[in-house]
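Residue numbers (this note's numbering), protein chains in the order written: chain A, 1 to 113; chain B, 1001 to 1115.
Right under this line is the structure:
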C-alpha cells in the first residue's frame, strides 16, 4: 500500500539556522499539506499546496516558512531562521482528486536549541 | 465557527471491553468527519470517516455515530486490544472556496488499554 514518506525522522538544529523538511507524497495525489504538532498538543494546519502554488496557509505559516515542489515527487517545507518555538513534529499529508481523506506521513521531529 | 473538540483527554479500558471516544463540533454546516489514530511517535492514521447524510458507519471493530442534532460524534471500538492504545483525533475539513481543504483536528483522546 503506498505511503507518504518523510525525511529526516529527527532533526536537531541551532536557533537561527535554516532547515528543510522533505516529503514524498503518494504518487497519484495532487494536494499536499504540512501540519505541525507541538508536543502533547493537537495537530495544526500550516499550509496546503496544489498545482504548484499555495492554496491556503495558516497564521503560523509566516514569512519564515516556504514550501516547494522541486520535482515530480518531493514536497519540501523550509524554515529560514528557526526559533525555539518551532520545535515540534511536522507532518506531511496528501490526498488525491475527489477525495477528502488526507494520508499522513510518519513525521519529522524538529528540535531547535 | 470552525471548532472540533473532545470531551475527555484520557480513557482507560480493560482489554476486551468496548471503548467509546466522543467528539463535539460547533459548525452545524459541517458535512464530513474523520477519525484518526495516532500511535506514539507516528503520524495520524486514517480509521474511518462519515458524511452528514449518515448516522452510523461501521468498519472492522469500529463504528462511528453522528448525531447532528447535538453536533456530536463518537468512535466505538469493540473488544479493545492493547494495539488500540493511541491518541484518537476527530477531524473535519475547514472549508475554503474551491480546492481541497485543511483538516481541523480536535484536541485528542488518549486511549489506554490495560490487560
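Ideal Cβ placement from N, Cα and C applies to all residues, glycine included.
Note to self: On the CB-based measure, 16 or more other CB atoms within 10 Å of its CB, does residue 1017 of chain B come out buried or exposed?
What the structure shows: It counts as exposed.
Next item on the list: Just the chain A side, please: which residues come within less than 7 angstroms of residue 1107 of chain B by C-beta, in chain order?
Entry: 42
Next item on the list: Spell out the partners DSSP gives residue 32 of chain A in its beta bridges.
Entry: A:49 and A:94
Next item on the list: Count the other C-beta atoms from every protein chain shown that fall within 10 angstroms of the C-beta of residue 88 of chain A, then say buried if there are 16 or more, exposed otherwise.
Entry: buried
Notebook entry, point to check: Would you call the region 73-86 of chain A and the region 1019-1039 of chain B touching, i.e. three or more CB-CB distances under 8 angstroms?
Noted result: Segments in contact, no.
Next item on the list: Locate the beta strand (DSSP E) running through residue 1037 of chain B, then write down its first and last residues.
Entry: If you look at residue 1037 of chain B, you'll find it in the beta strand (DSSP E) that goes 1032-1038.
Next item on the list: Could you check what DSSP says for residue 1083 of chain B in three-state terms: helix, strand or coil?
Entry: helix
Checklist line | Buried versus exposed, by CB contacts within 10 Å (16 or more), residue 1010 of chain B | finding: That one is exposed.
Next item on the list: Taking only beta-carbon positions, decide if residue 76 of chain A is within less than 7 angstroms of chain B.
Entry: No, residue 76 of chain A does not count as interfacial toward chain B.
Item checked: Residues of the region 1043-1062 of chain B whose Cβ lies closer than 8 angstroms to any Cβ of chain A, in chain order -> 1043, 1044, 1045, 1046 and 1049
Next item on the list: Taking only beta-carbon positions, decide if residue 1025 of chain B is within less than 7 angstroms of chain A.
Entry: Not one chain A Cβ lies under 7 angstroms of residue 1025 of chain B.
Next item on the list: Taking only the alpha-carbon atoms, compute the straight-line gap between residue 1051 of chain B and residue 1032 of chain B and give it to the nearest angstrom.
Entry: Computed Cα separation, rounded: 4 angstroms.
Check: What's the C-alpha gap between residue 8 of chain A and residue 77 of chain A?
Finding: So the two alpha carbons sit approximately 12 angstroms from each other.
Checklist line | For residue 1078 of chain B, the residue or residues it bridges with in DSSP | finding: For residue 1078 of chain B, which the question treats as bridged, DSSP gives no partner whatsoever.
Check: From the beta carbon of residue 1032 of chain B, is the nearest beta carbon of chain A less than 7 angstroms away?
Finding: yes
Note to self: On the CB-based measure, 16 or more other CB atoms within 10 Å of its CB, does residue 1104 of chain B come out buried or exposed?
What the structure shows: buried
Notebook entry, point to check: Can you list, in chain order, the residues of the region 91-112 of chain A whose Cβ is nearer than 7 angstroms to any Cβ on chain B?
Noted result: 91, 95, 100, 101, 102, 103, 104, 105, 106 and 107
Check: Taking the C-alpha atoms as reference points, what is the distance between residue 93 of chain A and residue 23 of chain A?
Finding: 9 angstroms
Note to self: Which residues does DSSP list as the beta-bridge partners of residue 55 of chain A?
What the structure shows: Bridge partners of residue 55 of chain A: none, in fact.
Next item on the list: Flag this pair as yes or no: are the beta carbons of residue 5 of chain A and residue 105 of chain A separated by less than 7 angstroms?
Entry: yes
Check: How would you call residue 1109 of chain B, buried or exposed, if buried means at least 16 neighbouring beta carbons within 10 angstroms?
Finding: buried
Next item on the list: Could you tell me which of B:1041, B:1026 and B:1077 sits nearest to residue 107 of chain A, measuring between CA atoms?
Entry: B:1041
Notebook entry, point to check: Hey, does residue 32 of chain A have any beta-carbon neighbour from chain B nearer than 7 angstroms?
Noted result: no
Check: If you run the structure through DSSP and keep just helix, strand and coil, what is residue 126 of chain A?
Finding: Residue 126 of chain A lies beyond the range of chain A shown here (1 to 113); nothing can be said about it.
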